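Residues 162 to 315 (the working numbering) make up the sequence shown, in order.
Virtual Cβ for every residue (Gly too), placed ideally from N, Cα, C.
Please read these numbers as outputs of a predicted model, since none were measured by experiment.
A quick write-up on the structure given underneath.
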Amino acid sequence: MKILLISDIHIPTRNRYENLEKINFSEYDYVIATGDFVEEDVLFYFQAQKPIFYGVFGNVDYYDIKYALPEKRVIRLGNYNIGMIHGHQAGWGDPEKLIKRFQKIDILIYGHSHRKSDIIINGIRCINPGAFCEMSYANLYIRSDDISLKWMQV
């Protein structure tokens, strides 16, 4: 399966819809978005796309988004439990502190720092896709017992 990882979208404050429209959502099975949509219309845009959407709110999201999405969540895709959180809950998105907020996850997807990262901490793969407002996102591929990651630019 192919999963779009995206965070720190910041539309319209630091980004434009035109950049989001450059992503071919029909290529993906799932979308994991870790916050900072900013406006509710941006969230609606993601929810209207073909792939199944999972999201959490970020620190700059308006209250309507904070009511619509959880602060953190765990989903199961393939053989993996995936924890999702924006990252502002731990300074500048310290993954070592963030994984302590979850039980039994294999992968952590987070954002907030605007810095892409792919590290392993205590056996948990921690991925920050970078900031979409800086044209960065990632593709995560899950195949039975294997995962791979590809950095993407708009």
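Alpha-carbon spacing of I308 relative to Y215, whole angstroms:
19 Å
Reduced DSSP category for N242 - H, G, I as helix; E, B as strand; rest coil
strand
Are the stretch 175-182 and the stretch 225-234 touching, with three or more C-beta to C-beta distances below 8 Å?
no
Quick check on the DSSP output: the alpha helix (DSSP H) that includes V203 runs from which residue to which?
201-208
Can you list, in chain order, the stretches of the beta strand (DSSP E) that have 3 or more residues and sit fully within the stretch 230-286?
233-238, 241-246, 268-270, 278-282
Whose C-beta lies closer than 6 Å to the C-beta of D225 among residues of the same chain, with five residues either side of it excluded?
E201
Own chain partners of D267 with C-beta closer than 6 Å, once the 5 adjacent residues on each side are dropped
Y241, N242
Taking Cβ positions, are F293 and I213 nearer each other than 8 Å?
no
For G248, which option in S278, N180, Y271, R262 has the closest C-alpha, if you only look at C-alpha atoms?
Y271
Which partner residues of V192 appear in the DSSP bridge assignment?
L165, F214
Close-in-space but distant-in-sequence residues of the same chain around H171 (CB under 6 Å, 5 per side omitted):
D197, V199, C294
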